[in-house]
Amino acid sequence: MTSCNISSLIIGFLVLAFIQFTRCNTLTSNYYDQTCPMIESTVTASVKKAMLNDKTVAAALLRMHFHDCFIRGCDGSVLLNSTGTNQAEKDGPPNISLHAFYVIDNAKKALEAMCPGTVSCADIVALAARDAVHLSGGPTWIVPKGRKDGRISIASETRQLPAPTFNISQLQQSFSQRGLDMKDLVALSGGHTLGFAHCSSFQNRIHNFATTQDVDPSMHQSFAANLRRVCPMHNQVRNAGANLDSTPTTFDNRYYKLLLEGKSIFTSDQALVTNPTTKTLVDKFANSREEFEKAFVESMIKMSSITGGQEVRLNCRFVN
Ligand code: HEM
0 MTSCNISSLI
10 IGFLVLAFIQ
20 FTRCNTLTSN
30 YYDQTCPMIE
40 STVTASVKKA
50 MLNDKTVAAA
60 LLRMHFHDCF
70 IRGCDGSVLL
80 NSTGTNQAEK
90 DGPPNISLHA
100 FYVIDNAKKA
110 LEAMCPGTVS
120 CADIVALAAR
130 DAVHLSGGPT
140 WIVPKGRKDG
150 RISIASETRQ
160 LPAPTFNISQ
170 LQQSFSQRGL
180 DMKDLVALSG
190 GHTLGFAHCS
200 SFQNRIHNFA
210 TTQDVDPSMH
220 QSFAANLRRV
230 CPMHNQVRNA
240 GANLDSTPTT
250 FDNRYYKLLL
260 EGKSIFTSDQ
270 ALVTNPTTKT
280 LVDKFANSRE
290 EFEKAFVESM
300 IKMSSITGGQ
310 EVRLNCRFVN
């Protein structure tokens, strides 16, 4: 065989490998149409049932998807249990307050009975987050599917999640490392229209903020006073904290309106009004729920397309 033939063989192989690679990593809306047509209704049923019993479930599912996608891509790595030799993401500090994993387990169990070994846990999380938003009064959208589940989950990697004390440039860096821009940052922060935060997550703003100011001056005064009552300096109440906006079970644009009044919970929320680009977007989303919803959907699809896994797990808590 001539060297020319060998090199065209190699090139041919590389082209095929590349096509296969991109195909494996391309998500599609009809991914399970032939293999598991009941996937969407099954996940929705599991989310609906849990939300009826517990009003905190929707927020938990939305945050779960975000934390999954930001570490190793949306690969269900956040669902894996720690083992004797490995502390998993789930047990990393920012994830201790994640919950509602049983909603994913229930959906997976039902799907395994219908279409064994077919639906990835990562896809279930993405669908559950979408359903959580919709069932809370927010928009719905078509979720591209075909994610694979990862085999690695390391607690210390949760340090790569953005912290609530981040300023705008730290937030921008964290998002851009994942291919997300300033618009995605502002739109996705709107996820804080749902849910709750523990005192420790905003302690920095209400006690010993700076040498000359005990409280973050960008925070509305009586709002800060309330937070200080609920979360005293040496708080002993483990579950003490505050809702992220005044309608914590409704997916609306209230979060942005409150942000403009200095009534946001985290430094990272308030940071969005410290930069002209992000401030313009905050104004826009505060003024129009439609604009917020449109941007949120676009950014969710972008975030949830960060892929990473290799297999379809049989049990979401364990690698195959
Ligand atoms: C921009 C950077 C972000 C930071 C620094 C951040 C930080 C936090 C923190 C510290 C909490 C409270 C945890 C606790 O005290 O228990 C929280 C809650 C929450 N976050 Fe974020 N977050 C960010 C972005 C997002 C995104 C992109 C989403 C989803 C699209 C999201 C959805 C939520 C939800 C729904 C909750 C409430 C969880 C519950 O009630 O169980 N966050 N976030």
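Be aware that the sequence shown starts at 0, since it is given in numbering that gives the first Met the number 0, and climbs by one per residue. C-beta atoms are modelled at their ideal positions from N, C-alpha and C, and glycine is treated no differently. Everything numeric in this text was worked out from a predicted model, so none of it was measured.
Proximity of residue i and residue j at Cβ, strictly below 9 Å
i, j, result
"isoleucine 70", "aspartate 122", "no"
"glycine 194", "proline 247", "yes"
"leucine 321", "proline 93", "Shown here, the chain extends from 0 to 319; a query on residue 321 therefore has no answer."
"alanine 57", "valine 46", "yes"
"phenylalanine 201", "threonine 266", "yes"
"glycine 75", "cysteine 120", "yes"
"methionine 181", "leucine 258", "no"
"arginine 316", "leucine 97", "no"
"alanine 131", "leucine 61", "yes"
"arginine 253", "threonine 211", "no"
"serine 188", "glutamate 88", "no"
"valine 118", "histidine 64", "no"
"arginine 158", "glycine 91", "yes"
"alanine 223", "valine 214", "yes"
"alanine 99", "threonine 55", "yes"
"lysine 147", "glutamate 292", "no"
"isoleucine 167", "threonine 25", "no"
"cysteine 198", "asparagine 225", "no"
Nearest-angstrom Cβ-Cβ length linking residue i and residue j, presumed shorter than 8 Å
i, j, result
"leucine 110", "threonine 34", "Incorrect: roughly 11 Å between the Cβ atoms, too far for contact."
"methionine 218", "glycine 261", "5 Å"
"glycine 136", "threonine 249", "5 Å"
"alanine 186", "alanine 270", "Rounded, the Cβ-Cβ distance is 15 Å, inconsistent with contact."
"serine 28", "proline 163", "Wrong, their Cβ atoms sit about 34 Å apart, outside the cutoff."
"glycine 178", "isoleucine 305", "7 Å"
"glycine 307", "glycine 116", "That belief does not hold up - the Cβ atoms of glycine 307 and glycine 116 are roughly 19 Å apart, past 8 Å."
"valine 321", "tryptophan 140", "For residue 321 there is no data in the structure shown, the boundaries of the chain being 0 and 319."
"alanine 241", "alanine 196", "6 Å"
"valine 102", "alanine 49", "5 Å"
Boundaries (first-last residue) of the alpha helix (DSSP H) holding residue i
i, result
"alanine 49", "38 to 52"
"phenylalanine 165", "No alpha helix (DSSP H) contains phenylalanine 165, which DSSP labels as neither H nor E."
"histidine 64", "56 to 69"
"histidine 133", "120 to 134"
"serine 304", "No alpha helix (DSSP H) holds serine 304; DSSP gives it neither H nor E."
"lysine 283", "275 to 286"
"phenylalanine 265", "Taken as a continuous stretch (DSSP letters only), phenylalanine 265 belongs to no alpha helix (DSSP H), as it is neither H nor E."
"methionine 181", "181 to 188"
"isoleucine 103", "100 to 113"
"glutamine 309", "Run containing glutamine 309: none; DSSP gives neither H nor E here."
"phenylalanine 222", "220 to 229"
"glutamine 86", "Where glutamine 86 is concerned, there is no enclosing alpha helix (DSSP H), given that its DSSP letter is neither H nor E."
"leucine 257", "253 to 259"
Buried versus exposed, by CB contacts within 10 Å (16 or more), residue i
i, result
"methionine 302", "buried"
"asparagine 85", "exposed"
"threonine 21", "Any reading at threonine 21 is ruled out, since the residue's pLDDT is 39, under 50, leaving its predicted position unreliable."
"alanine 127", "buried"
"alanine 239", "exposed"
"glutamate 329", "As shown, the chain starts at 0 and ends at 319. That puts residue 329 outside it, with no answer to give."
"serine 221", "exposed"
"cysteine 23", "Note that cysteine 23 has pLDDT 46, beneath the 50 cutoff, so the model's placement of it is unreliable and the number below is only indicative. Exposed, since its Cβ has fewer than 16 Cβ neighbours within 10 Å."
"isoleucine 95", "exposed"
"arginine 312", "buried"
"serine 2", "Here the model assigns serine 2 a pLDDT of 47, short of 50, so the residue's position is not dependable, and the following value carries that caveat. It counts as exposed."
"lysine 108", "exposed"
"alanine 106", "buried"
"valine 229", "exposed"
"methionine 232", "exposed"
"alanine 16", "Reliability of the predicted coordinates at alanine 16 is poor, the pLDDT of 47 falling under 50, and the value obtained from them is presented with this limitation in mind. Classification for alanine 16: exposed."
"serine 263", "buried"
DSSP beta-bridge partners of residue i
i, result
"asparagine 314", "Phe317"
"lysine 144", "Thr27"
"glycine 240", "His197"
Any non-hydrogen atom of ligand 2 closer than 8 Å to residue i Cβ
i, result
"histidine 133", "Of the ligands one can find in the structure shown, namely ligand 1, none is ligand 2."
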